[in-house]
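K.L.:
The opening residue of the sequence shown carries number 1346 in our numbering; numbering runs sequentially from there.
Every residue, glycine too, gets a C-beta built ideally from N, C-alpha and C.
Please read all numbers here as calculations on a predicted model, not as lab measurements.
Structure in structure tokens, see below.
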Amino acid sequence: VLGRIRADTAAEFLMRADKDGDGKIMREEWIAAIREQENTLWHAFERLGGEGAAPSAAAIRAAFEPYFSPDEPEQLARFVPVALVALSGDALRGKPLTFAHFQRWVKDYRLEQLA
């Protein structure tokens, strides 16, 4: 989803949530769209090493590369150092990386990119 996350506006999320294309989002479709996004974040988090990991630049690149367009490698190149600082900061202060911190950081990063 990170490839989509950068461009993920509310409208795009809602369009993806409307699975049957009828212009209405049913509760089940909304829940499914949120779960899909959460599962994608969880898989990226696991590829980083999961709870307590101190991700390296190589681990971040490997974890997030599938979510960036291969046509725009500079986006991933700009993303890796930002993610490295943000996601390893807690580890440097002796706090383990948690999914909640990772999820919050991804949300904040998306909002910054949309601003």
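1) Mind checking Ile1376: buried by the 16 CB within 10 Å criterion, or exposed?
2) Alpha carbon to alpha carbon, what distance is there between Ala1398 and Pro1441?
3) Taking the alpha helix (DSSP H) that Ala1398 falls in, what are its first and last residues?
4) Rounding to the nearest angstrom, what Cα-Cα distance links Arg1380 and His1388 in this structure?
5) Helix, strand or coil: which one does DSSP assign to Thr1354?
6) Pull up the CB-CB distance for Leu1393 and Ala1408, whole angstroms please, since I reckon it's below 8 Å.
7) When DSSP labels each residue in this structure, what does Ser1414 get in the three-state scheme?
8) Considering only their Cβ atoms, is the gap separating Ile1405 from Val1425 smaller than 8 Å?
9) Whole-angstrom Cβ separation of Val1451 and Leu1386, contact assumed at under 8 Å?
P.N.:
For this structure:
1) Taking the sequence shown and counting its residues from 1, one reaches residue 1376 at position 31. Classification of Ile1376: exposed, given that the 10 Å Cβ count is below 16.
2) Within the sequence shown, residue 1441 is the residue found at index 96, counting from 1. Within the sequence shown, residue 1398 is the residue found at index 53, counting from 1. When rounded, the distance between both Cα atoms is 7 Å.
3) Here the question's residue 1398 lines up with position 53 in the sequence shown. No alpha helix (DSSP H) contains Ala1398, which DSSP labels as neither H nor E.
4) In the sequence shown, the residue the question calls residue 1380 occupies position 35. In the sequence shown, the residue the question calls residue 1388 occupies position 43. About 12 Å.
5) To locate residue 1354, count along the sequence shown from 1; it is residue 9. Because the pLDDT of Thr1354 is 49, which lies under 50, any placement of that residue in the model is unreliable, and the number read from its coordinates should be weighed accordingly. Residue state, collapsed to three classes: coil.
6) Position 48 of the sequence shown, counted from the first residue, corresponds to residue 1393. Position 63 of the sequence shown, counted from the first residue, corresponds to residue 1408. The distance from the Cβ of Leu1393 to that of Ala1408 is about 5 Å, consistent with a contact at the 8 Å cut-off.
7) Numbered from its first residue, the sequence shown carries residue 1414 at position 69. In the structure shown, Ser1414 sits in coil (DSSP, three-state: anything other than H, G, I, E or B).
8) As a position in the sequence shown, residue 1425 is number 80, starting the count at 1. As a position in the sequence shown, residue 1405 is number 60, starting the count at 1. A contact, by the Cβ cut-off of 8 Å.
9) Residue mapping note: residue 1451 aligns to position 106 of the sequence shown, counting from 1. Residue mapping note: residue 1386 aligns to position 41 of the sequence shown, counting from 1. About 6 Å separates the two Cβ atoms, so the contact holds.
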